[in-house]
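Number of protein chains: 2
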Amino acid sequence: MNEYLKIFKALGDKTRLRIVMMLKVKSMCVCEIREIIGSSMSTISNHLKILKEANLIDFQKEERYINYELNTSNKTVQIVLNILDNISDNEIELDKQKALKTNRIEIC
Amino acid sequence: MNEYLKIFKALGDKTRLRIVMMLKVKSMCVCEIREIIGSSMSTISNHLKILKEANLIDFQKEERYINYELNTSNKTVQIVLNILDNISDNEIELDKQKALKTNRIEIC
DNA sequence: ATCCCATTTCGGCATTTGACGAAATGTAGA
DNA sequence: TCTACATTTCGTCAAATGCCGAAATGGGAT
Numbered sequence: 002m003n004e005y006l007k008i009f010k011a012l013g014d015k016t017r018l019r020i021v022m023m024l025k026v027k028s029m030c031v032c033e034i035r036e037i038i039g040s041s042m043s044t045i046s047n048h049l050k051i052l053k054e055a056n057l058i059d060f061q062k063e064e065r066y067i068n069y070e071l072n073t074s075n076k077t078v079q080i081v082l083n084i085l086d087n088i089s090d091n092e093i094e095l096d097k098q099k100a101l102k103t104n105r106i107e108i109c
Numbered sequence: 002m003n004e005y006l007k008i009f010k011a012l013g014d015k016t017r018l019r020i021v022m023m024l025k026v027k028s029m030c031v032c033e034i035r036e037i038i039g040s041s042m043s044t045i046s047n048h049l050k051i052l053k054e055a056n057l058i059d060f061q062k063e064e065r066y067i068n069y070e071l072n073t074s075n076k077t078v079q080i081v082l083n084i085l086d087n088i089s090d091n092e093i094e095l096d097k098q099k100a101l102k103t104n105r106i107e108i109c
């Protein structure tokens, strides 16, 4: 599938757009993302897979967690992600303060 | 629905992305778009409605046709549409030469 | 006012998508 | 190797989406 089509499809879902906006705040593991989004682990995992395939996010292993982060190495993706700076948190019902406070140790 | 979410949803469909790329070439009526895309009138019309609701396109009445064109008045949309300049025609299977040659009179 | 024709709406169908819980997998540490 | 736990995969379901042809609509021209 075309690179751009994949990106637009990936961002054209409210849950995934919220995840990307969260990862703009800080990188997180699946269970931290779940803390904010509220869906099941498998659902979150599936969304992350789609975001990964669109090259929007990347991940790094850290201890026994997998830390997801925005992919800043791809130029196309960078440009698209910059656009998201214009979205205000309440527009997509995202509590950035809460997102900042997630903590792996207490959750997982 | 959030403005950006609507835009991403609208562009996250191959047919609609192709339509937008076509309208970058020139403004067209539904039947000209059909000439290139090949789907039914109703299908095209539905896609145009979704693009309109995302503010990506606009239209002008001209004689008994409705001419669809990219909406250049909205800043957000402008930024997103600029990104599309990086998509090559063959990536989304669009024949720009053919798109340039469509002609309302002979089709409708 | 009526005709013509471009466009939209409607109803129905097949496919895709997003959700879940349960089971499977993978990996770090004992 | 075994254990514990984070994450992914699988099977299934309901809802959303995209498509079509037919019927309805609407606006320009006669």
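Residue numbers (the working numbering), protein chains in the order written: chain A, 2 to 109; chain B, 2 to 109. All C-beta atoms, glycine included, are put in the ideal place defined by N, C-alpha and C.
Out of the options, which one is the CA nearest neighbour of residue i?
{"i": "I58/A", "options": "I84/A, S40/A, K97/A, I20/A", "result": "I20/A"}
{"i": "E64/B", "options": "L18/B, N3/B, I8/B, C30/B", "result": "C30/B"}
{"i": "T103/A", "options": "D86/A, S43/A, E36/A", "result": "E36/A"}
{"i": "D14/B", "options": "I80/A, L18/A, E4/A", "result": "E4/A"}
{"i": "Q79/B", "options": "N47/B, K25/B, R17/B, T16/B", "result": "K25/B"}
{"i": "I34/A", "options": "Y66/A, I84/A, I8/A, V81/A", "result": "Y66/A"}
{"i": "S40/A", "options": "I51/A, R17/A, L85/A", "result": "R17/A"}
{"i": "I51/B", "options": "K97/B, K62/B, L101/B, L6/B", "result": "L6/B"}
{"i": "N47/B", "options": "N72/B, N75/B, A11/B, L71/B", "result": "A11/B"}
{"i": "F9/B", "options": "I45/A, I88/A, K99/A", "result": "I88/A"}
{"i": "N56/A", "options": "M42/A, N68/A, I45/A, N72/A", "result": "N72/A"}
{"i": "M2/B", "options": "K27/B, E54/B, I84/B", "result": "E54/B"}
Check the DSSP bridge columns for residue i and list the partner residues they point to.
{"i": "L71/A", "result": "I58/A"}
{"i": "M29/B", "result": "Y69/B"}
{"i": "E63/B", "result": "Y66/B"}
List, in chain order, every chain B residue whose beta-carbon is nearer than 9 Å to that of residue i.
{"i": "T77/A", "result": "I84, N87"}
Report the three-state DSSP secondary structure of residue i (helix, strand or coil).
{"i": "E92/A", "result": "helix"}
{"i": "M22/B", "result": "helix"}
{"i": "N14/B", "result": "The sequence shown places Asp at residue 14/B, not Asn. Correct three-state label for D14/B: coil."}
{"i": "T44/B", "result": "helix"}
{"i": "N87/B", "result": "helix"}
{"i": "T77/A", "result": "helix"}
Run down chain B in chain order and give the residues with a C-beta less than 7 Å from the C-beta of residue i.
{"i": "I80/A", "result": "I84"}
{"i": "L12/A", "result": "F9"}
{"i": "L49/A", "result": "Residues of chain B passing the Cβ test: none, with the nearest at roughly 17 Å."}
Which residues of chain B have a Cβ atom closer than 8 Å to the Cβ of residue i, listed in chain order?
{"i": "N129/A", "result": "No answer is possible for residue 129/A: it lies beyond the span of chain A, which begins at 2 and ends at 109."}
{"i": "K53/A", "result": "Near K53/A there are no residues of chain B at all, since even the closest Cβ is about 16 Å away, more than 8 Å."}
{"i": "L101/A", "result": "Within 8 Å Cβ-Cβ: nothing; L101/A doesn't reach chain B, min ~22 Å."}
Would you mind telling me which residues of chain A sit closer than 9 Å to residue i, beta carbon to beta carbon, in chain order?
{"i": "L71/B", "result": "Under the 9 Å cutoff, chain A gives no residues; its nearest Cβ is about 16 Å from L71/B."}
{"i": "L57/B", "result": "Residues of chain A passing the Cβ test: none, with the nearest at roughly 11 Å."}
Give the residues of chain A in contact with residue i, contact being defined as C-beta atoms less than 8 Å apart.
{"i": "L24/B", "result": "Those within 8 Å of L24/B in chain A number zero; the least Cβ separation is about 16 Å."}
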